[in-house]
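Okay, so here's the structure we're looking at.
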Amino acid sequence: MPSSFTQFLKKRFQNQLFDVVSDYVDENINHLDLHSFSVNNIDEYELEEIEIKQVYVDDRPEMSIAFDVLVEASIVVQEYDKHNDSKI
Numbered sequence: 001m002p003s004s005f006t007q008f009l010k011k012r013f014q015n016q017l018f019d020v021v022s023d024y025v026d027e028n029i030n031h032l033d034l035h036s037f038s039v040n041n042i043d044e045y046e047l048e049e050i051e052i053k054q055v056y057v058d059d060r061p062e063m064s065i066a067f068d069v070l071v072e073a074s075i076v077v078q079e080y081d082k083h084n085d086s087k088i
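Going by the UniProt record's numbering, the sequence shown opens with residue 1, and the numbers climb by one from there.
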């Protein structure tokens, strides 16, 4: 049994959270402030992994809770070399 609610979420819902973050990245890629020292123009991206950093829980009436999950996402970005169409 997980020792905390955060551990429970990591163990039970890691894949679902990854899918939600992946969908969010796909839908908002043009609004995310992504930077790279080696990639000037992002031609391709992929969500590599997520890490649950914190869970904020709010006790609600009638034995219910509400919670927010803070995740850190690693996104791999690539740029195609316009000279010979190879990836950098």
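For every residue, glycine included, the Cβ atom is placed at its ideal position computed from N, Cα and C.
Exercise for review: Starting from VAL25, trace the beta strand (DSSP E) both ways and give me its first and last residue.
Suggested key: Taken as a continuous stretch (DSSP letters only), VAL25 belongs to no beta strand (DSSP E), being part of the alpha helix (DSSP H) at 5 to 28.
Check your understanding: Roughly how many angstroms separate the alpha carbons of SER35 and ILE75, rounded to a whole number?
Key -> For the sequence presented, residue 35 should be read as His rather than Ser. When rounded, the distance between both Cα atoms is 11 Å.
Point to revise | Per DSSP, the bridge partner or partners of ILE65 | key: ASP59
Check your understanding: Just the Cα atoms here: how many angstroms apart are LEU32 and GLU62?
Key -> 38 Å
Review point. Can you check whether the CB of ASP43 is closer than 8 Å to the CB of GLN78?
Key: yes
**Study point:** Three-state secondary structure (DSSP) of ILE42
**Key:** coil
Point to revise | 7 Å Cβ shell around VAL21 - same chain, five flanking residues per side excluded | key: LEU47, ILE50, VAL71 and ALA73
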